[in-house]
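Everything on this sheet refers to the single structure shown next.
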Amino acid sequence: MNISRLKALLGATALTIIAAGAAQAGGFSRGTADTDILYEQGNFNLRTSMTVVSPDRKFTVNTSPDGTGYDYSDTYVVPSAAVKFKIFDELSCAGTVSMPYGGGVTYGPGGNGTLFKRDEDFTVMEYGATCAFQYELGKGRISVLGGAFIESVDYNLVGQNGLVTVDLQDQDFGWRAGIAYEIPEIALRAQLMYRSSTNVAAEGTTNGAPVAQGFAELPQSVELKVQSGIAPGWLAYGSIKWTDWSVNERLVLVLNKFAPPGAATRVDTYNWQDGWTVTGGIGHSFSDSIAGTVFATWDRGVSTGWDLHTDTYTIGTGISLKDKIGGELRAGAGVSYLTAGEETQYGGANRAVGNDWAFALSGGYSVKW
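Residue numbers (mature numbering (1 follows the signal peptide of the UniProt record, and there is no 0)): -25 to -1, 1 to 344.
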């Protein structure tokens, strides 16, 4: 196994898995903290990437005033950054910035729902620190990982033809823990990682007055990732991820916390089922400086008839180019097929979507010393 060629491949693999995950429609998932940087060789490593995702989602049935036929899903950008420091041979720590969750829609002139929503979006930024303690075991080594993160939530809503504006912010803390086994000689690694849930109890403004509140829960998740060299210059990899989206039963939005109970409260009902995401791919190193990969992903839809988050199928590719100054340029692209779906819980006011598409482009750069 030519390990020097496989090293170039691993960066492209990590990047394109991020691009694939960002294009998923299951739940509000967008990106993942780049803790894989802890396995990179070097005393100091820096890795950044940016993924642009453009979904094209159209109503085929919609009884709200905004009607049907237009693309209501917003294009969004998913940033990622990670920096790793080797403390000593057995211990490395990394700081990460990521956007694990988010959502954004822009409806037609009539608005949508009881608030006649025109625009609605939220983003969750994660700022984390994770360490890995490694020790030798047989032909390989075991890594024990653990860390904490803070999530920053930002929610914005424009409704009633612009007469109602809501802005909410919140922060919460969480933690992650995992274990991994590696045999570097054959580029084998298996990792199991847990990420905790967090709660949203946001405060903010309605039309500029500090009276608004919002309440929701964001899920815990468990992910198993496996990779291995399978022939000289070839790598196979895969992952399976469970996300506890069933905790997301509803979003409670209080437009005026001083109003009588329920008088200024709006509820978005989700009642989701848990999400499953399965990814598999093959990578090949064409030379010491050029490597590529292809992958496929299935993401199970979380909708149970209250909304339109359906199954998603993604295929994509990526490339890794090492430069002469020790850096690595990576690029990836993914295409997602979003399956049709229909609401079933609202009597004669159910909406529906057809089979649609989403497109993702990703680029990044990494250096190490």
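Beta carbons are placed, not taken as given, at the ideal position from N, Cα and C, and that holds for glycine. Computed from a prediction, not measured in an experiment: that's the story for all the values here.
Taking DSSP as the reference, what is the three-state secondary structure of residue i?
| i | result |
| --- | --- |
| Ser264 | coil |
| Ser203 | strand |
| Leu283 | coil |
| Gln135 | helix |
| Ile257 | strand |
| Val277 | coil |
| Thr38 | coil |
| Ala324 | helix |
| Ala(-1) | Only weak support is given to the placement of Ala(-1): the predicted model assigns it a pLDDT of 46, under 50, and the value that follows is read from those uncertain coordinates. Ala(-1): coil per DSSP, three-state reduction. |
| Asp11 | helix |
| residue 348 | No answer is possible for residue 348: it lies beyond the span of the chain, which begins at -25 and ends at 344. |
| Thr43 | coil |
| Lys92 | strand |
| Ala211 | strand |
| Gly79 | strand |
So, for residue i: in the same chain, excluding its five sequence neighbours on each side, which residues have a beta-carbon less than 7 Å away from its beta-carbon?
| i | result |
| --- | --- |
| Asp298 | Leu304 |
| Leu66 | Cys106, Phe108 |
| Arg275 | Gly1, Gly250, Trp251, Asp286 |
| Asn18 | Lys61, Trp344 |
| Ala176 | Asp145, Phe190 |
| Gly302 | Tyr340, Ser341, Val342 |
| Gly153 | Leu120, Gln166, Leu167, Met168, Tyr169 |
| Thr98 | Met74, Gly77, Asp129 |
| Asp49 | Gly79, Val80, Thr81, Asp96 |
| Arg225 | Val242, Asp243, Thr244, Tyr245 |
| Thr89 | Arg241 |
| Gly255 | Gly213, Phe270, Ala271 |
| Leu21 | Val58, Ser341, Val342 |
| Val222 | Ser172, Glu192, Pro194 |
| Asp282 | Tyr245, Glu318 |
Return the chain-ordered list of same chain residues with a C-beta closer than 6 Å to the C-beta of residue i, the five sequence neighbours on each side being excluded.
| i | result |
| --- | --- |
| Ala(-3) | Caution applies to Ala(-3), whose pLDDT of 49 falls short of 50 and renders its modelled position unreliable; the value that the coordinates give is listed next. Val28, Thr289, Gly309, Ser311, Ala333, Ala335, listed in sequence order. |
| Val229 | Gln188, Thr240 |
| Ala69 | Ile12, Leu13, Ala57, Lys59, Thr105 |
| Phe91 | Gly134, Gln135 |
| Ile158 | Lys114, Gly115 |
| Trp220 | Gly2, Pro194, Trp247, Asp249, Gly250, Val277 |
| Ala306 | Ile294, Gly338 |
| Leu132 | Glu95, Val141 |
Who are residue i's beta bridge partners in DSSP?
| i | result |
| --- | --- |
| Ile294 | Gly267, Ala306 |
| Met74 | DSSP lists no partner for Met74. |
| Tyr51 | Val28 |
| Thr252 | Lys216, Asp274 |
| Leu66 | Phe63, Phe108 |
| Gln188 | Glu178, Val229 |
| residue 389 | Given that the chain is displayed from residue -25 to residue 344, the structure contains no residue 389 and the question cannot be resolved. |
| Tyr340 | Thr23, Leu304 |
| Tyr288 | Trp273, Tyr312 |
| Trp332 | Asp31, Tyr312 |
| Gly85 | Gly85 is not bridged to any residue. |
| Gly58 | Checking the displayed sequence, the identity of residue 58 turns out to be Val instead of Gly. The partner list for Val58 (beta bridge, DSSP) reads Leu21, Gly70. |
| Thr244 | Arg225 |
| residue 374 | For residue 374 there is no data in the structure shown, the boundaries of the chain being -25 and 344. |
Between which residues of its own chain and residue i is the CB-CB distance below 8 Å, once the five residues before and five after are set aside?
| i | result |
| --- | --- |
| Thr319 | Gly280, Asn325 |
| His259 | Leu(-17), Gly208, Trp209, Leu210, Ala266, Gly267, Thr268 |
| Met25 | Val52, Val53, Pro54, Ser55, Ser337, Gly338, Gly339 |
| Ser171 | Gly149, Trp150, Arg151, Gln195 |
| His284 | Ala(-1), Gly1, Gly2, Trp247, Gly276, Val277, Ser278, Gly316 |
| Thr173 | Glu126, Asp147, Phe148, Gly149, Glu192, Leu193 |
| Thr314 | Gly276, Thr285, Asp286, Thr287, Tyr288, Asn330 |
Open item on the list: Which runs of the beta strand (DSSP E) at least 3 residues long sit entirely within the stretch 100 to 179? Give them in chain order.
Closed with: The stretch 100 to 179 contains these whole beta strand (DSSP E) runs: 115 to 134, 139 to 158, 163 to 170.
Task: At least three beta-carbon pairs within less than 8 Å, the stretch 16 to 36 to the stretch 322 to 331 - done: yes
Open item on the list: Would you call the stretch 201 to 221 in contact with the stretch 229 to 244, where contact means no fewer than 3 C-beta pairs closer than 8 Å?
Closed with: no
Open item on the list: With a threshold of 8 Å, are at least 3 pairs of Cβ atoms found where one atom belongs to the stretch 142 to 154 and the other to the stretch 47 to 61?
Closed with: no
Open item on the list: Quick check: the stretch 79 to 87 against the stretch 117 to 126, are at least 3 beta-carbon pairs closer than 8 Å?
Closed with: Per the Cβ contact rule, the stretch 117 to 126 is not in contact with the stretch 79 to 87 (fewer than 3 Cβ pairs under 8 Å).
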